[in-house]
Amino acid sequence: MIPDRFEYVAPSSVAEAVGLLQRYGAEAKVLAGGHSLIPLMKLRLASPRYLVDINRIRGLAQLQEDDGTLGVGALTRHADLETSELIRSRYPLLADAARVIADPLVRNMGTLAGSLAHADPAGDWGAAMLAVRAQVVATGPRRDRTIPIDEFFVDTFTTTLGPDEIVSEIRVPKPSPRSGGAYLKVERKVGDFAIAAVGTYVVLDEKGACRQVGIGLCNVGATSLRAKRAEETLRGRVPDEKAIADAARAASEECDPASDLRGPAEYKRDLVRVLIGRALRRAVQRAKGGA
Ligand SMILES: Cc1cc2nc3c(=O)[nH]c(=O)nc-3n(C[C@H](O)[C@H](O)[C@H](O)COP(=O)(O)OP(=O)(O)OC[C@H]3O[C@@H](n4cnc5c(N)ncnc54)[C@H](O)[C@@H]3O)c2cc1C
Numbered sequence: 002m003i004p005d006r007f008e009y010v011a012p013s014s015v016a017e018a019v020g021l022l023q024r025y026g027a028e029a030k031v032l033a034g035g036h037s038l039i040p041l042m043k044l045r046l047a048s049p050r051y052l053v054d055i056n057r058i059r060g061l062a063q064l065q066e067d068d069g070t071l072g073v074g075a076l077t078r079h080a081d082l083e084t085s086e087l088i089r090s091r092y093p094l095l096a097d098a099a100r101v102i103a104d105p106l107v108r109n110m111g112t113l114a115g116s117l118a119h120a121d122p123a124g125d126w127g128a129a130m131l132a133v134r135a136q137v138v139a140t141g142p143r144r145d146r147t148i149p150i151d152e153f154f155v156d157t158f159t160t161t162l163g164p165d166e167i168v169s170e171i172r173v174p175k176p177s178p179r180s181g182g183a184y185l186k187v188e189r190k191v192g193d194f195a196i197a198a199v200g201t202y203v204v205l206d207e208k209g210a211c212r213q214v215g216i217g218l219c220n221v222g223a224t225s226l227r228a229k230r231a232e233e234t235l236r237g238r239v240p241d242e243k244a245i246a247d248a249a250r251a252a253s254e255e256c257d258p259a260s261d262l263r264g265p266a267e268y269k270r271d272l273v274r275v276l277i278g279r280a281l282r283r284a285v286q287r288a289k290g291g292a
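Numbered according to the numbering used here, the sequence shown terminates at residue 292, and the numbering increases by one at each position without gaps.
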């Protein structure tokens, strides 16, 4: 199918884009990579009257460390994260996630910000950002709002973003000393969305116990999920096999998968248990200096 009729506007600044969103309200949609929005428009599941294309706005494709955080711009593509030496060397969880999203064509266009704004529970970035406790910077008509990722997802395809706000940046805390992360995904075939995927982040103290734990889950609930009970299970403990198995079991119990074409709920729960075990082991290994 072809999309319904729409007006196309291409602002050259964030302020102009926000002004257009303010003027057109719920009838407008931001266009970033277009790899979620355009398919929905072609299926006529979305029919915005105005498309506000932000791709001509300069200065939105940053990927740099500053003031204790990594700033990822609204136009930073999945492929920018996948190929960045900074990401590869210092943010292994993000590097893992970037390379398993879809295929190279999608990764060349799709953006991290767009993925979060779209709020598909099957989006890989949601789980990854929950694990590392990212913050979303929303720019609206009056001011910038910094939204902790824990407060960003409201429901499937629904976030706390206002209709006149743009995600202008994602901020990821810089990795602490003795920290490591990992992202693991199982998909039916290369390029598909996850059957289930998990992101894990750990910070070890001087004695090797977990000072901080972040666990995000993909496609096993109505939104991207943070596995809070699993994190609690591990926090303060040395991540030996018993502690990791306890956390993995807790995550499999607290997720809420649906039975669908990708498999029955019980299979997905067990997949979460297995993936969390593997991802935690890898994160701990990286926190200790391994690859
Ligand atoms: C074949 C295929 C396979 C895919 N597989 C995967 C996968 O395995 N894993 C995965 O995570 N994703 C996958 N995707 C989705 C892909 O990663 C999308 O690119 C991404 O989810 C959305 O980013 P985008 O920049 O393309 O957003 P767009 O499609 O441009 O926009 C998506 C939504 O977010 C809004 N939006 C976009 N940017 C902003 C902003 N800065 N501020 C406010 N609102 C904004 C738009 O208005 C729209 O509602 C796949 C897509 C395709 C087509």
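From the three backbone atoms N, C-alpha and C, an ideal C-beta is built for every residue, glycine too. In this text, all values refer to a predicted model and were calculated from it rather than measured experimentally.
- I55 is positioned such that its CB atom lies closer than 8 Å to that of A33.
- Not one heavy atom of ligand 1 lies closer than 7 Å to the C-beta of K190.
- Considered as a whole, the segment 51–95 harbours 51–54, 64–67, 70–74 as its complete beta strand (DSSP E) runs of no fewer than 3 residues, in chain order.
- With contacts defined by Cβ atoms closer than 8 Å, L218 and C211 do not form a contacting pair.
- Excluding the 5 residues flanking it on each side, R143 has no same chain C-beta neighbour closer than 8 Å.
- Distance from the CA atom of A96 to the CA atom of M2, rounded to whole angstroms, is 35 Å.
- Across the structure, R24 and G69 are spaced so that their CA atoms are roughly 36 Å apart.
- Distance between A284 and P93, taken at the CA atoms: about 9 Å.
- Taking C-beta separations shorter than 6 Å and ignoring five residues to either side along the sequence, the partners of M110 in its chain run G34, H36, following chain order.
- With distances taken between CA atoms, A128 lies nearest to G200 out of G200, L106, L87, V214.
- As summarised for the segment 102–176, the continuous beta strand (DSSP E) elements at least 3 residues long and confined to that stretch are 136–140, 145–149, 154–156, 167–174, given in chain order.
- If only uninterrupted alpha helix (DSSP H) runs of at least 4 residues are considered, those enclosed by the segment 223–254 are 229–235.
- Looking at the backbone, the Cα of P40 and that of A47 are separated by about 9 Å.
- In this structure, the beta-carbon distance from V73 to V10 does not fall below 8 Å.
- Relative to ligand 1, the nearest heavy atom lies less than 7 Å away from the CB of K30.
- Contact between L64 and T77 is confirmed by a C-beta separation of about 5 Å, below the 8 Å threshold.
- For V199, the enclosing beta strand (DSSP E) starts and ends at 195–205.
- With respect to A195, V187 sits close: the two C-beta atoms are nearer than 8 Å.
- In this structure, the CA atom of E17 is about 33 Å from the CA atom of E86.
- Among the bridge pairs identified by DSSP, S180 is matched with V204.
- Membership of L21 in the alpha helix (DSSP H) is indicated by the continuous run 15–25.
- The beta carbons of A120 and T224 sit about 7 Å from each other, so the pair counts as a contact at 8 Å.
- In this structure the segment 157–172 does not touch the segment 229–247; the number of beta carbon pairs closer than 8 Å is below three.
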